[in-house]
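**Q**
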Amino acid sequence: MTPQEISEKLKAKFSDAVVETKLEGVLDPYLKIQPARLLEAAAFLCDEDDLQFDYLMCLSGVDYSKGILGVVYHCYSMTKGHKITIKVDVPAEKPDVPSVASVWPTANWHEREAYDLFGIRFAGHPDLRRILLPEDWDGYPLRKDYKVPEFYQGMKVPY
Amino acid sequence: MSEILTPPLKTSTGRTLRTEEMVVNMGPQHPSTHGVLRLELVVDGEIVVDVIPHIGYLHRCFEKHSEAMTNYQQVIPYCDRLDYLASMNMDWGYALAVEKLLAIQVPERVEYIRVIMAELQRIASHLIALGTYGLDVGAFTPFLFMFRDRERILDLFEMTCGARLLYNYIWVGGVSHDLPPGFIDKARAFCKYFRPNIKECNDLLTFNEIFIKRTANVGVLPREVAIAYACSGPMLRGSGVDFDLRRDDPYGIYNKFQWNVVTGKGEVGTVGDCWDRYMVRVREMEQSLDIIEQALDQIPDGDVQSSIPKRIRPNPGDVYVRTESPRGEIGFYIISDGSQTPYRVKARSPAFVNLSVCPEICRGSMIADVVAIVGSIDIVLGEIDR
Amino acid sequence: MEQIFRTLTENDFLIYFLMSVIPLLWVVPYALFAVWLERKVSAHMQDRLGPMRVGGWHGWAQTVADILKLIQKEDIVPAAADKKLHFLAPWVVFIGSYAAFATIPFSSAYIGSNISIGLFYVIAVSAIVVVGILMAGWSSNNKWSLFGAMRAAAQIVSYEIPTALALLAVVMVAGTLNLQEINQHQAGWFWNWYLFRKFPFVFIAFIIYFVASLAETNRTPFDIPEAESELVAGYHTEYSGMKFALFFLAEYANMFAVSAIGSTLFLGGWNSPFGDLLGGPVWGAFWFLSKGMFFVFVQMWLRWTLPRLRVDQLMYVSWKVLTPWAFACILGVGFWMMM
């Protein structure tokens, strides 16, 4: 299916939740969805016969600055061979996104990483804790406004 | 004597242990965890009830560093150090993503050189994977035979760019050095030398009765679980899924060569067990030899540095490009804001995703099997932790 | 040998003490040599060279240097370890291995103790090693050492059975448990060796014995207790310095002991394979030591070729493969002898 057709199908079911669509002039066509209906949309993408996006290639957190954080989902279908990108934007003061770990189990670790480095909280995640940084680290390093702490457990951090 | 009361013990995820269970820590320093990986095993005697992997011991802030670079080319040495056993493939993945953002085409000679280097690197990486896997299972000798053969590949790399492990060779828009004189002959001689050695290793290890007993029917990864957990590379193909990025999501000039995608068929056990993943790697080495020989025959002349842009300033936008590294799908998601500094570089590493399926397939096996399973996943902590 | 000592002194205790030290004069230099040999054998099998520098010719003094290093090393005992057990464990393991040499005849002129139940004594006393290993694993206060110790205990105890049964087949043919007499029965050319009598039952018994003895000495493919890639070093992880050297010495002594028993019972011991040619007490010692060393070499050869078995597969091999076949050999020998 072409990106047009995929986006039609998604808009047909989630017309109010799709915030932005960009299919032309970009290297990866994407749809931006409201976080509230993300889980439903993910299940739809995975289970719907024509779509069958069963393979989540990548889940990345992004800091768009100006107080907006985002999550980008790159989906691929092993059976059909088509790709689509889904983007979600959340405000930095309240970065709550539903977790898609129940739809794509691989999202479990990816979401832990996004939480670890950006502070995006994934609602419904089975085990949301830091994955790369130590459990008691302060702050979310990949945010653009992150300041490196002076000390960590008595050790000087900037060298 | 006072009675010593201990509170009920918990694992780090908060699960309370039953009386007969014990938490044993494997790593972060351990001969078999292939790097600094900590596996918290909850065991009932020798049976493993749960595995909780802890990573992050090798986190070197790759993504944050890339955002501080003043030039997209400066990120290449950092990419080398992601999966340090497959540096060429890492460099190529990143360079491809940036080239897509810039919408530039590289000359044909560069494409051929990239394929030759990537496939040589694939063989070298698989040799390490197979050798250390033999070591995990107790066979000490194949490890040295495979490293001896890998030395020849490293000699080829050293001839070309001066480095043995971290090359900084494939740049955005081209490669850093052209092939030196004598490289093609030496590479052909290597291919001729190496092919019978694969058979020798097969005789010594692959079809050894004891090795088969240790790896067949161990750590079976069913197809659906592999796809749901987004496994890639030999892990996915070992479970019988016929999917290879070089053919199914093509990049470079792989379509110019005759080669086969290798999948696991459950020859000595179940489809998707450790032996299948091991055998996929062995056979992939043979396929890589085919590709290299064809590429060496077809390589044209040309200037390898003519298309390296002086200034890299892509238009604002983002792209996700994935390539087939020896461990699976290495993906780079790059967001550019129109300046010379990358805005966001996310590396989706295959070993990170492949390791997440480890708790699923380790449950119910024995401690010795956990070692065999983690070895068959073929992890490199450099790319897991970035 | 006893007579020679009696001419020197009348003190019984001193005589027997000197007799018990003589195998040590072989075992210690042999262990030094065997470690070097293992390194060289493994190196040449792996397409490399091994020790080359220490002492000049092919690094022959490498082990001497290693022993000197180990002697002066700091003895580290984990803080929460059981100090008494931790100290005793290597000694118990060494004693268990070394005591077996008491009844093994090195030549027609030397046997430590010529008792009529020599073979029975050897099998019994080499089981003391299990106690030492369990002490080592438990006292280290380390879960991995404990795993190694438990596995070792299970393994050694299980493999005692096929070992004893296979040797029983030979005893049935020989009619005696006295090792010196067994040697004397095999005098003559090599076809007199027990290996070729009641063919093929004793031959199969020999193969069972050899495989089981690999498990007794914790050598690959049965080296689960010290499985490097899983347990770091198993039950001797927490040992350093001289205690570690003692474990190593015990392992190599054990290797030679099982090889010696194998060559005594199956391959004619100190008998020359050419009958009276090159026979006699001094040549006897040479033949005995060479046959023992040959099997030590085969054990090293197997170690660097084969991967290791998992613990449950190991148990399977012992109980469901070797033991039934050993019983079959005994039955075969028994029926043959009755006819």
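Residue numbers (this note's numbering), protein chains in the order written: chain A, 967 to 1125; chain B, 84 to 469; chain C, 8 to 346.
Don't be surprised by glycine CBs; every beta carbon is placed ideally from N, CA and C.
Only a predicted model underlies this, so the values are computations on that prediction, with no experimental measurement involved.
1) What does residue 435 (chain B) reach in chain A if we use C-beta pairs closer than 7 Å?
2) Which residues in chain B sit within 8 Å of residue 1022 (chain A), going by Cβ to Cβ distance?
3) To the nearest angstrom, how far is it from the Cα of residue 253 (chain B) to the Cα of residue 975 (chain A)?
4) CA-CA distance, residue 445 (chain B) and residue 123 (chain B)?
5) On the DSSP bridge list, what partners appear for residue 408 (chain B)?
6) Closest to residue 102 (chain B) by C-alpha separation, out of B:121, B:128 and B:119, would be which residue?
7) Roughly how many angstroms separate the alpha carbons of residue 84 (chain B) and residue 245 (chain C), rounded to a whole number?
8) Could I get the ranges of all uninterrupted beta strand (DSSP E) runs contained in the segment 971–1017 of chain A, with 3 residues as the minimum, in chain order?
9) Check the C-beta distance from residue 390 (chain B) over to residue 187 (chain B) and give it rounded, since I have them as a contact under 8 Å.
10) For the segment 179–205 of chain B, enumerate the residues whose C-beta is nearer than 9 Å to any C-beta of chain A, in chain order.
11) When the cut-off is 8 Å and only beta carbons count, does residue 5 (chain C) lie next to chain B?
12) Bridge partners for residue 400 (chain B) per DSSP, in chain order?
13) Taking 8 Å as the CB-CB cut-off, is residue 94 (chain B) touching chain A?
14) Between residue 418 (chain B) and chain A, is there a C-beta pair that is closer than 8 Å?
15) Under a Cβ-count criterion, where at least 16 other Cβ atoms within 10 Å of its own Cβ denotes burial, should residue 151 (chain B) be classed as buried or exposed?
16) For residue 398 (chain B), which residues in the same chain have their Cβ closer than 8 Å to its Cβ, ignoring the five residues on either side in sequence?
17) Check whether the Cβ of residue 52 (chain C) lies closer than 8 Å to any Cβ atom in chain B.
18) Which stretch, first to last residue, makes up the beta strand (DSSP E) that contains residue 1021 (chain A)?
19) Report the neighbours of residue 281 (chain B) on chain C: residues whose CB is nearer than 8 Å to its CB, in chain order.
20) Which whole-angstrom value is the C-beta distance of residue 228 (chain C) and residue 313 (chain C), which I expect to be below 8 Å?
21) What span of residues does the beta strand (DSSP E) with residue 431 (chain B) cover, start to end?
22) What does the alpha-carbon distance come out to for the pair residue 283 (chain C) and residue 195 (chain C)?
23) Starting from residue 142 (chain B), trace the beta strand (DSSP E) both ways and give me its first and last residue.
24) Just to confirm, is the Cβ distance from residue 135 (chain B) to residue 120 (chain B) under 8 Å?
25) Based on DSSP bridge pairs, tell me the residues matched to residue 1064 (chain A).
26) Using DSSP bridges, identify the partner residues of residue 449 (chain B).
27) How is residue 298 (chain C) classed by DSSP in three states: helix, strand or coil?
28) Below 7 Å CB to CB, which residues in the same chain sit around residue 305 (chain B) once its five sequence neighbours on both sides are set aside?
29) With DSSP run on the structure shown, which of helix, strand or coil describes residue 284 (chain B)?
30) Below 8 Å, can you find three or more Cβ-Cβ pairs linking the segment 114–131 of chain C to the segment 146–155 of chain C?
31) Hey, which unbroken runs of the alpha helix (DSSP H) at 4 residues or more fall wholly within the segment 98–136 of chain C?
32) Strictly under 8 Å for the Cβ-Cβ distance: is residue 326 (chain C) near chain B by that measure?
33) In chain order, which continuous runs of the alpha helix (DSSP H) of length 4 or greater are located wholly inside the segment 318–346 of chain B?
34) Select from C:105, C:51 and C:75 the residue whose C-alpha is nearest the C-alpha of residue 65 (chain C).
35) Against chain B, does residue 1035 (chain A) count as a neighbour if the rule is that its beta carbon must be under 8 Å from one of theirs?
36) What are the residues that DSSP puts in a beta bridge with residue 1118 (chain A)?
**A** Short version:
1) For residue 435 (chain B), the neighbours in chain A by C-beta distance under 7 Å run, in chain order, 1075.
2) Within 8 Å of the CB of residue 1022 (chain A), the CB atoms of chain B belong to 313, in sequence order along the chain.
3) Straight-line Cα distance between these residues: approximately 41 Å.
4) Approximately 12 Å between the Cα atoms of the pair.
5) Residue pairing by DSSP puts residue 408 (chain B) in a beta bridge opposite B:411.
6) It is B:128 whose Cα lies nearest to the Cα of residue 102 (chain B).
7) Its pLDDT being 43, under 50, residue 84 (chain B) is placed unreliably in this model, and the value from its coordinates should be taken loosely. The C-alpha of residue 84 (chain B) lies about 29 Å from the C-alpha of residue 245 (chain C).
8) Taking only runs of at least 3 residues, the beta strand (DSSP E) segments lying wholly in the segment 971–1017 of chain A are 984–988 and 996–999.
9) The beta-carbon distance between residue 390 (chain B) and residue 187 (chain B), rounded to whole angstroms, is 6 Å. This is short enough to meet the 8 Å contact definition.
10) Residues passing the 9 Å Cβ filter: 183, 184 and 186.
11) In this structure chain C extends from 8 to 346, so residue 5 (chain C) is not present and cannot be described.
12) Partner(s): B:419.
13) Not closer than 8 Å to any Cβ of chain A, the Cβ of residue 94 (chain B) fails to qualify, so no.
14) True, the Cβ-Cβ gap to chain A drops below 8 Å.
15) Its Cβ having fewer than 16 others within 10 Å, residue 151 (chain B) is exposed.
16) Around residue 398 (chain B): 184, 419 and 421.
17) Interface criterion met: the Cβ of residue 52 (chain C) is under 8 Å from a Cβ in chain B.
18) Looking at the DSSP string, the run of the beta strand (DSSP E) that includes residue 1021 (chain A) is 1021–1029.
19) The premise fails here: residue 281 (chain B) is roughly 16 Å from chain C at the closest Cβ pair, so nothing lies under 8 Å.
20) Indeed, because the Cβ distance is near 5 Å, the residues count as touching under 8 Å.
21) It spans 425–431 - the beta strand (DSSP E) in which residue 431 (chain B) sits, taken as one unbroken run.
22) For the pair residue 283 (chain C) and residue 195 (chain C), the Cα-to-Cα distance works out to about 7 Å.
23) Unbroken run through residue 142 (chain B): none, as it is neither H nor E.
24) In terms of Cβ geometry, residue 135 (chain B) and residue 120 (chain B) do not form a close pair [threshold 8 Å].
25) DSSP lists A:1089 as partners of residue 1064 (chain A).
26) Paired residue(s): B:130.
27) Three-state DSSP puts residue 298 (chain C) in a helix.
28) The answer, listed in chain order, is 322 and 355.
29) If DSSP states are grouped into helix, strand and coil, residue 284 (chain B) belongs with the helices.
30) At 8 Å Cβ cutoff, the stretches do not touch.
31) Those alpha helix (DSSP H) runs which fall completely within the segment 98–136 of chain C and span 4+ residues are 125–132.
32) When Cβ-Cβ separations below 8 Å define contact, residue 326 (chain C) makes no contact with chain B.
33) As far as the segment 318–346 of chain B is concerned, its whole alpha helix (DSSP H) runs of at least 4 residues are 328–331.
34) For the residues C:105, C:51 and C:75, the minimum Cα distance to residue 65 (chain C) belongs to C:51.
35) By this cut-off, residue 1035 (chain A) is not an interface position.
36) In the DSSP output, where bridge partners are listed per residue, residue 1118 (chain A) has A:1121.
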